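Below is one structure; the comments refer to it alone.
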């Protein structure tokens, strides 16, 4: 009987640790910034090359988001560029031009090297 109790306690402990790990992971993702929230807070801005960046003086709170979004965008731009026989750079620029009208007022944008708010 003693062996059964020890096994049961060990199983409960493992289950509890697993629960805590899953809870911590979901809590971290719940607090992670998404693109729209970061844009609305002014933590990121859209750049005329089709990528996002952190405007001057905004700190690095959104750095991980910037890196992730830019990697995803680059992968899409590469695919589009190959299909259309144009450069990745031109693809990014054209995407920015198409998306610019839809950016909400107040969105930080970097055009020709200069930051401003739309």
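In the numbering used here, the protein residues as written are 41 to 158.
Quick reminder that beta carbons are idealized off the backbone N, C-alpha and C, glycines included.
Note that the structure is predicted; figures quoted are calculated from it, not measured.
Run of the beta strand (DSSP E) containing residue i, from where it starts to where it stops
{"i": "residue 98", "result": "Neither: residue 98 is in no beta strand (DSSP E) and is coded neither H nor E."}
{"i": "residue 80", "result": "Per DSSP, residue 80 belongs to no beta strand (DSSP E); it is in the alpha helix (DSSP H), 75-80."}
{"i": "residue 84", "result": "That residue, residue 84, is in no beta strand (DSSP E); it is neither H nor E in DSSP."}
Distance between residue j and residue i (C-alpha atoms, nearest Å)
{"i": "residue 111", "j": "residue 100", "result": "17 angstroms"}
{"i": "residue 74", "j": "residue 133", "result": "23 angstroms"}
{"i": "residue 148", "j": "residue 94", "result": "9 angstroms"}
{"i": "residue 64", "j": "residue 136", "result": "Confidence is the limiting factor: at residue 64 the pLDDT is only 39, short of 50, which leaves the residue's position unreliable, though a coordinate-based value still follows. Answer to the nearest angstrom: the Cα atoms are 36 angstroms apart."}
{"i": "residue 79", "j": "residue 127", "result": "27 angstroms"}
Residue i, enclosing alpha helix (DSSP H) - first and last residue
{"i": "residue 115", "result": "103-124"}
{"i": "residue 138", "result": "128-139"}
Beta-carbon proximity list for residue i, same chain, < 6 angstroms, skipping 5 on both sides
{"i": "residue 120", "result": "131"}
Residues that residue i bridges to, as DSSP identifies them
{"i": "residue 150", "result": "87, 155"}
Neighbourhood of residue i by C-beta, 7 angstroms cutoff - its chain only, sequence neighbours within 5 removed
{"i": "residue 106", "result": "84, 92, 93, 94"}
{"i": "residue 113", "result": "90, 91"}
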